[in-house]
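Numbering (UniProt numbering), first residue to last: 1 to 329.
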């Protein structure tokens, strides 16, 4: 099969994610993941990758299984003809090396073809794309996103990132313009959809439940794993800011009920985020409430919003006057 052939992501690419999950302490003994990884290796006769998995995960090597798969690999590679650089035989060989997880040989072949100036630009680009795929499959950060992950995964990453980066109205407006993303959220990722909608609709208790589910998913994701604690913390801060922005003071009991957590949890969280300068408020321990109006930040936000409204209103009136001068009613 030529590397230039467009199609779905090869099935063996999913094994990289399974291997990563098995490298985590909480999932290293998961029997279902182990069975999926071994089954995928056997189906593809991935002898080099099997050896790499056993070394990385500390598994005992089944020598008979390894020898059988290695023999199949050698017989298959022997069928490829000698490369004369004018036919795409080397592409088939390279694709097969990638599919069995032979990182060193595949990288050497792809690099050699990329550096061969006698080949056409398209052929050399195919070698570069193969290097991207090899790097992603074996845990490197350089990857060809079009082939390394499927569209559903890209949608998940995009929605998770935008949920923090965009204001709630901007996020909803962006989703309305992306029908494919909305359809994917409804059919394949209902929990992620609930995360976005609950925050937009101020259903903070449901938001906290959805966020807990998201945490269980991104903590085992190879891309999000280093950042999942930061993501969860920033998501909670965004929810607190969104709620407190509408009030000058709000009781701790009310906040706890709204978020579906205990008062002690809310008090500790808000105190921590306030001390770090992430929330513009203070806790009135005597009154048992959170006071937001006392901070300059809240007044500054309201003043900025007022000035922006006046400015935009003046612009709108000027444009209406100009329009009226050229239209006969």
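Note that beta-carbon positions come from the ideal geometry of N, C-alpha and C, so glycine has one too. Keep in mind the model is a prediction, meaning the values are calculated, not measured.
Residues near residue i in its chain [Cβ-Cβ closer than 8 Å; skip 5 each side]
{"i": "residue 28", "result": "22 and 57"}
{"i": "residue 242", "result": "168, 199 and 202"}
{"i": "residue 110", "result": "94, 127, 128, 130, 131 and 134"}
{"i": "residue 106", "result": "94, 97, 98, 130 and 134"}
{"i": "residue 114", "result": "124, 127, 128 and 131"}
{"i": "residue 30", "result": "21 and 22"}
{"i": "residue 53", "result": "19, 37, 41 and 59"}
{"i": "residue 72", "result": "45 and 47"}
CB-CB length for residue i against residue j, believed under 8 Å
{"i": "residue 182", "j": "residue 171", "result": "The pair is not a contact, with the Cβ atoms about 12 Å apart (cut-off 8 Å)."}
{"i": "residue 239", "j": "residue 265", "result": "Incorrect: roughly 13 Å between the Cβ atoms, too far for contact."}
{"i": "residue 12", "j": "residue 40", "result": "6 Å"}
Buried or exposed by the 16-neighbour rule on C-beta atoms within 10 Å, applied to residue i
{"i": "residue 145", "result": "Any reading at residue 145 needs caution, since the residue's pLDDT is 48, under 50, leaving its predicted position unreliable; the model's value is listed next. Exposed, by the Cβ-count rule."}
{"i": "residue 196", "result": "buried"}
{"i": "residue 133", "result": "buried"}
{"i": "residue 311", "result": "exposed"}
{"i": "residue 320", "result": "exposed"}
{"i": "residue 327", "result": "exposed"}
{"i": "residue 259", "result": "buried"}
{"i": "residue 156", "result": "buried"}
{"i": "residue 286", "result": "exposed"}
{"i": "residue 315", "result": "exposed"}
{"i": "residue 142", "result": "At residue 142, the pLDDT of 45 sits below 50, so the modelled position is not reliable; the number obtained from the coordinates is stated separately. Flag for residue 142 reads exposed."}
{"i": "residue 78", "result": "exposed"}
{"i": "residue 323", "result": "exposed"}
{"i": "residue 231", "result": "buried"}
{"i": "residue 275", "result": "exposed"}
{"i": "residue 313", "result": "exposed"}
{"i": "residue 37", "result": "buried"}
{"i": "residue 308", "result": "exposed"}
{"i": "residue 173", "result": "exposed"}
{"i": "residue 185", "result": "buried"}
Own chain, CB closer than 6 Å to residue i, minus 5 neighbours either side, in chain order
{"i": "residue 123", "result": "none"}
{"i": "residue 74", "result": "none"}
{"i": "residue 213", "result": "191"}
{"i": "residue 51", "result": "none"}
Candidates the options, of which the one nearest residue i by Cα
{"i": "residue 17", "options": "225, 42, 193 and 161", "result": "225"}
{"i": "residue 278", "options": "292, 69, 53 and 137", "result": "292"}
{"i": "residue 153", "options": "54, 108, 30 and 189", "result": "189"}
{"i": "residue 108", "options": "90, 121 and 119", "result": "90"}
{"i": "residue 235", "options": "159, 180 and 32", "result": "159"}
{"i": "residue 151", "options": "180, 136 and 36", "result": "180"}
{"i": "residue 257", "options": "204, 274, 305 and 313", "result": "204"}
{"i": "residue 14", "options": "71, 136 and 121", "result": "136"}
{"i": "residue 161", "options": "263, 227, 139 and 187", "result": "227"}
{"i": "residue 164", "options": "186, 237, 116 and 112", "result": "237"}
{"i": "residue 42", "options": "69, 53 and 25", "result": "69"}
{"i": "residue 288", "options": "318, 305 and 263", "result": "263"}
Residues of its chain near residue i, where Cβ-Cβ distance is below 7 Å and the 5 sequence neighbours each way are ignored
{"i": "residue 339", "result": "Because the chain is modelled from 1 through 329, residue 339 falls outside the range shown and cannot be assessed."}
{"i": "residue 290", "result": "244, 249, 250, 252, 255, 270, 281 and 283"}
{"i": "residue 410", "result": "No answer is possible for residue 410: the residues shown for the chain start at 1 and end at 329."}
{"i": "residue 261", "result": "208"}
{"i": "residue 247", "result": "292"}
{"i": "residue 138", "result": "103"}
{"i": "residue 24", "result": "220"}
{"i": "residue 294", "result": "Per-residue confidence for residue 294 stands at a pLDDT of 46, beneath the threshold of 50, marking its modelled position as unreliable; the derived number appears in the next sentence. Closer than 7 Å at the Cβ level, and outside the excluded window around residue 294, lie 282."}
{"i": "residue 76", "result": "96"}
C-beta neighbour in chain B for residue i, strict 7 Å
{"i": "residue 283", "result": "In the displayed structure, chain B is absent; only one protein chain is listed."}
Can we say the region 96-107 touches the region 41-59, given the rule of at least three CB pairs closer than 8 Å? yes
Between the region 215-226 and the region 265-275, can you find at least three pairs of beta-carbon atoms closer than 8 Å? no
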